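Undergrad: First, the structure itself, so that you have it in front of you.
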Amino acid sequence: MATYLVGDIQGCYRDLRDLLDLVHFDRSKDHLYIAGDLVARGPDSLSVLRFVRDLGEHGHTVLGNHDLHLLAVAEGIMKPKAKDKTQPILDAEDCAELLLWLRHQPLLIHKAFPNGQAPGFVMTHAGIPPCWSLETATQQAQGVEAILQSDDYVWLLQHMYANEPAVWDASLKGIESYRFTINALTRMRYLTPEGGLDMHCKRPPEDVTDGSLVPWFDVKKRQPIDETCIFGHWAALGGVINDQFMGLDTGCVWGGSLTMVRWEDGQRFSLPCPIHAS
């Protein structure tokens, strides 16, 4: 049995299947963990959703910003983004079943291995804000998940589209608390020197050298999290792997590569991808 971690798929179904073939993924005993953004700008988001759902207990994903946007589009709250290719999902006869499954996926996975077989890890789509402990991140994620999985999920989707509040305060309640959580766990890249979420800059850190923004994982003053934080979302990084943070979005949909890590021994696998987004 092996545990495989992969970055943003964004509808690149054939690339995913080719990479799983490369590692000889056995769906009867191996486990696949996906760092969110199953869907959006690749050619076959519908097949990605069906495949991951059909993995059952051997498939695990966190929700990414594109996954949440699909749910909002399906409810008529938002329009598809210009480069999205998700209409086949909305037209599919099993659309309702797929979207119900999607909104029951978590924002955060904390994976522990029995008997110390391997170190544990924490997975979200964008990362964990440095002001949060793992306990706080888990509690906040579970609060949003509970709404998404309830009859009130449309209300949440209607009110999640804003960049405020940008700064965390433990006194935040209701939609302000939920919105900060969604933005932090699914959209975060940079923080301001004051600790606020910046929702605009997507450039790589080497292009932002004036001190106005700091990558969330480079903030020195942070709540300690003992386990490696796995994330995606930021293709411009080209991947980040160290003892504390593992970024797995290597821009598959943009003509980069799809990257997978076998957790037990840290071996990295990657396949180049054609440009899918246009």
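For the sequence shown, our numbering assigns the number 547 to the initial residue and increments by one for each residue that follows. Quick reminder that beta carbons are idealized off the backbone N, C-alpha and C, glycines included. Please read these numbers as outputs of a predicted model, since none were measured by experiment.
Can you grab the Cα-Cα spacing for the pair GLY793 / GLY622, in whole Å?
TA: As a first step, residue 793 must be located in the sequence shown, where it is residue number 247. As a first step, residue 622 must be located in the sequence shown, where it is residue number 76. Answer to the nearest angstrom: the Cα atoms are 32 Å apart.
Undergrad: Just how far apart, CA to CA, sit GLY785 and VAL668?
TA: Working through the sequence shown from its first residue, we reach residue 785 at position 239. Working through the sequence shown from its first residue, we reach residue 668 at position 122. Those two C-alpha atoms are separated by around 17 Å.
Undergrad: Report the start-end ranges of each beta strand (DSSP E) in the region 575-637 that is 3 residues or longer and not cut off at the edges.
TA: Entirely contained in the region 575-637, the beta strand (DSSP E) runs reaching 3 residues are, in chain order, 577-580, 605-607.
Undergrad: Using 8 Å as the threshold, is the C-beta distance between SER574 and THR632 below it?
TA: Residue mapping note: residue 574 aligns to position 28 of the sequence shown, counting from 1. Residue mapping note: residue 632 aligns to position 86 of the sequence shown, counting from 1. Result no, Cβ atoms of SER574 and THR632 do not sit closer than 8 Å.
Undergrad: Would you mind reading off the limits of the beta strand (DSSP E) that contains PHE726?
TA: In the sequence shown, the residue the question calls residue 726 occupies position 180. Premise fails: PHE726 lies in the alpha helix (DSSP H), 720-732, not in any beta strand (DSSP E).
Undergrad: At a cut-off of 7 Å, is GLY557 close to the ligand GDP when judged by its beta-carbon and the heavy atoms of the ligand?
TA: Ligands are entirely absent from the displayed structure, and the ligand GDP is therefore not among its contents.
Undergrad: Let's see if you can read the secondary structure: which residues bound the beta strand (DSSP E) around VAL906?
TA: It is not possible to answer for residue 906, since the shown part of the chain is limited to 547 through 824.
Undergrad: Where does HIS705 sit, in a helix, a strand or coil, going by DSSP?
TA: Taking the sequence shown and counting its residues from 1, the one referred to as residue 705 is at position 159. It is helical.
Undergrad: Can you have a look at LEU654 and say buried or exposed, based on whether 16 or more other CB atoms are within 10 angstroms of its CB?
TA: Position 108 of the sequence shown, counted from the first residue, corresponds to residue 654. Label assigned to LEU654: buried.
Undergrad: Taking the alpha-carbon of GLY802 as reference, which of ALA618, SER824, LEU562, PRO820 has the nearest alpha-carbon?
TA: Looking up residue 802 in the sequence shown gives position 256. Out of ALA618, SER824, LEU562, PRO820, PRO820 has the C-alpha closest to the C-alpha of GLY802.
Undergrad: Assuming PRO739 and LEU783 are in contact, meaning their beta carbons sit under 8 Å apart, how far apart are those beta carbons, in whole angstroms?
TA: Mapped onto the sequence shown, residue 739 falls at position 193. Mapped onto the sequence shown, residue 783 falls at position 237. Contact flag wrong, Cβ pair sits at about 20 Å.
Undergrad: Identify whether VAL690 lies in helix, strand or coil by the three-state DSSP scheme.
TA: In the sequence shown, residue 690 corresponds to position 144, counting from 1. Of the three classes helix, strand and coil, the one that applies to VAL690 here is helix, per DSSP.
Undergrad: Among ILE555, PRO711, LEU743, ILE674, whose alpha-carbon lies nearest the alpha-carbon of ILE771?
TA: Taking the first residue of the sequence shown as 1, we reach residue 771 at position 225. Looking at the Cα atoms, ILE674 is the closest of the given residues.
Undergrad: Would you mind sorting MET547 into buried or exposed? The rule is 16 or more other CB atoms within 10 Å of its CB.
TA: Position 1 of the sequence shown, counted from the first residue, corresponds to residue 547. Per the 10 Å Cβ criterion, exposed.
Undergrad: Please determine, among GLU810, SER824, HIS822, the residue with the shortest C-alpha to C-alpha distance to GLY662.
TA: The residue labelled residue 662 in the question sits at position 116 within the sequence shown. Ranking GLU810, SER824, HIS822 by Cα distance to GLY662 puts GLU810 first.
Undergrad: Any chance you could list the beta strand (DSSP E) runs of at least 3 consecutive residues sitting entirely within the region 741-775, in chain order?
TA: Fully enclosed beta strand (DSSP E) runs of 3 or longer: not present.
Undergrad: On a Cα-Cα basis, can you pick out the residue from THR755, THR670, GLY720 that is closest to THR732?
TA: The count along the sequence shown starts at 1 and reaches residue 732 at position 186. The candidate whose alpha carbon is nearest that of THR732 is THR670.
Undergrad: Is THR805 helix, strand or coil by DSSP?
TA: Here the question's residue 805 lines up with position 259 in the sequence shown. In the structure shown, THR805 sits in a strand (DSSP, three-state: E or B).
Undergrad: If you follow the alpha helix (DSSP H) that ARG649 is part of, which residue opens it and which one closes it?
TA: Here the question's residue 649 lines up with position 103 in the sequence shown. That run of the alpha helix (DSSP H) goes 641-649.
Undergrad: Classify ARG814 as helix, strand or coil using the three-state DSSP reduction.
TA: Here residue 814 is taken as the residue at index 268 of the sequence shown, counted from 1. DSSP places ARG814 in strand when its eight states are reduced to three.
Undergrad: Compare the C-alpha of LEU759 against each of ASP715, GLN769, ASP744 and name the closest.
TA: Indexing the sequence shown from 1 puts residue 759 at position 213. Nearest option by C-alpha distance: ASP744.
Undergrad: Express the C-alpha separation of HIS570 and LEU680 in angstroms, rounding to a whole number.
TA: Numbered from its first residue, the sequence shown carries residue 680 at position 134. Numbered from its first residue, the sequence shown carries residue 570 at position 24. So the two alpha carbons sit approximately 33 Å from each other.
Undergrad: Hey, how far is the Cα of HIS577 from the Cα of ARG808?
TA: As a working mapping, residue 577 is identified with position 31 in the sequence shown. As a working mapping, residue 808 is identified with position 262 in the sequence shown. When rounded, the distance between both Cα atoms is 10 Å.
Undergrad: Identify, in the order they occur along the chain, each residue of the same chain with its Cβ nearer than 6 Å to the Cβ of ASN611, setting aside the five sequence neighbours on each side.
TA: The sequence position of residue 611 within the sequence shown is 65, counting from 1. The residues are THR732, ARG733.
Undergrad: Please report how far the alpha carbon of ASP555 lies from the alpha carbon of LEU562, in whole angstroms.
TA: Working through the sequence shown from its first residue, we reach residue 555 at position 9. Working through the sequence shown from its first residue, we reach residue 562 at position 16. According to the sequence provided, residue 555 is Ile. The question's Asp does not apply to it. In a straight line, the C-alpha of ILE555 is about 7 Å away from that of LEU562.
Undergrad: Work out the CA separation of ALA664 and ASP564 for me, nearest whole Å.
TA: Here the question's residue 564 lines up with position 18 in the sequence shown. Here the question's residue 664 lines up with position 118 in the sequence shown. Their Cα atoms are separated by approximately 26 Å.
Undergrad: Let me confirm a value: TRP701 is counted as buried when at least 16 other C-beta atoms fall within 10 Å, else exposed. Which label applies?
TA: Counting from 1 along the sequence shown, the entry for residue 701 is found at position 155. Label assigned to TRP701: exposed.
Undergrad: Drop a sphere of 10 angstroms on the beta-carbon of THR805, count the other beta-carbons inside from all chains shown, and report buried for 16 or more, exposed for fewer.
TA: For the purposes of this step, residue 805 is taken as residue 259 along the sequence shown, with counting starting at 1. Classification for THR805: buried.
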